[in-house]
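Following our numbering, the numbering of the sequence shown begins with 21 at its first residue and continues without gaps.
Note that CB positions come from ideal geometry on N, CA and C, so glycine has one too.
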Amino acid sequence: MLVALIVPEQAGRGDETKDAVRKAVEAASKRLPSHQRISDYAITPDALPRTRLGKIQRHRLEERYEQVKEGGEKAPRAGPMSADEMSGEDRALLEDSAAQSVWEVLAKRYRDKRLTPDTSPQFDLGIDSLEWLNLTMEIAESRGVELTDEAIARIETVRDLLREVTEGGEGEALDPLKKPDAVLDEEQKRWLEPLGPIAA
């Protein structure tokens with residue numbers, strides 16, 4: 021038996037979305053042999069869990085499918101997931117003040133997008149290299165935690181980001197104007213070196 025977890029491209033009204041998905045599934049089924057047709061599906065507004073390279077994490081889909089079926093089909097909505105909807109592990113993660121602070125920053129910056137611990141910063145929130153720079157500077161200023169390029173490369177989900185911030189430790193908030201060396205990496209510091217001798 022084949023089942024599917026479907027994330028609509030555009031969020032319409034609940035009934036419109038269900039009807040559009042049903043028609044699309046029926047149309048696709050007509051072109052497939054019977055053993056390749058899906059027998060059931062669930063519609064979710066939340067992004068599917070992905071790897072850093074954007075590949076869907078197939079091993080997590082069955083659990084997500086069951087969760088959506090048990091909870092019913094929910095209308096797509098923007099904004100952060102409530103703590104009640106999160107797993108115990110994710111709620112525990114948000115008990116850390118640094119993680120909670122970063123979650124609030126993301127919720128404010130991306131209020132028009134769905135924010136969950138499984139959200140991909142790159143694919144779901146559209147965070148590119150420039151936006152990462154802005155975000156990491158804000159985290160360094162407010163929480164005193166510096167995210168290295170290596171740490172950013174390990175981040176596939178918002179959950180990963182929160183863990184990196186938590187593991188970065190509690191630090192004193194940094195003022196980049198008072199302590200610029202503390203927020204610059206080695207490559208950035210290189211640009212501060214004088215090109216020639218300094219006149220006396």
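Range of the contiguous alpha helix (DSSP H) that encloses residue i
i, result
"I172", "169-174"
"Y85", "81-91"
"S162", "149-163"
"Q208", "206-210"
"T186", "178-187"
Distance between residue j and residue i (C-alpha atoms, nearest Å)
i, j, result
"R210", "I172", "21 Å"
"I26", "E206", "45 Å"
"D180", "I218", "45 Å"
"H79", "L155", "30 Å"
"E29", "A127", "21 Å"
"T37", "T136", "21 Å"
"D116", "E184", "12 Å"
"D60", "E158", "44 Å"
"I63", "L212", "53 Å"
"A67", "L215", "49 Å"
"Y85", "A40", "19 Å"
"E44", "K50", "It should be noted that the sequence gives Ala, not Glu, for residue 44. Taking the straight line from one Cα to the other gives about 10 Å."
Helix, strand or coil at residue i [DSSP, three-state]
i, result
"D39", "helix"
"L73", "coil"
"S121", "helix"
"L114", "helix"
"R131", "coil"
"G108", "helix"
"I218", "coil"
Delimiting residues of the beta strand (DSSP E) encompassing residue i
i, result
"L22", "22-26"
"D60", "58-63"
Expected contact under 8 Å - CB spacing of residue i and residue j to nearest Å
i, j, result
"E166", "G188", "7 Å"
"T186", "A112", "In fact, because the Cβ distance is near 10 Å, the residues do not count as touching under 8 Å."
"L22", "R57", "7 Å"
"D144", "K133", "7 Å"
"P224", "Q77", "Because the chain in this structure spans residues 21 to 220, residue 224 falls outside the shown range and cannot be described."
"V122", "L52", "Not confirmed; about 44 Å, so no contact."
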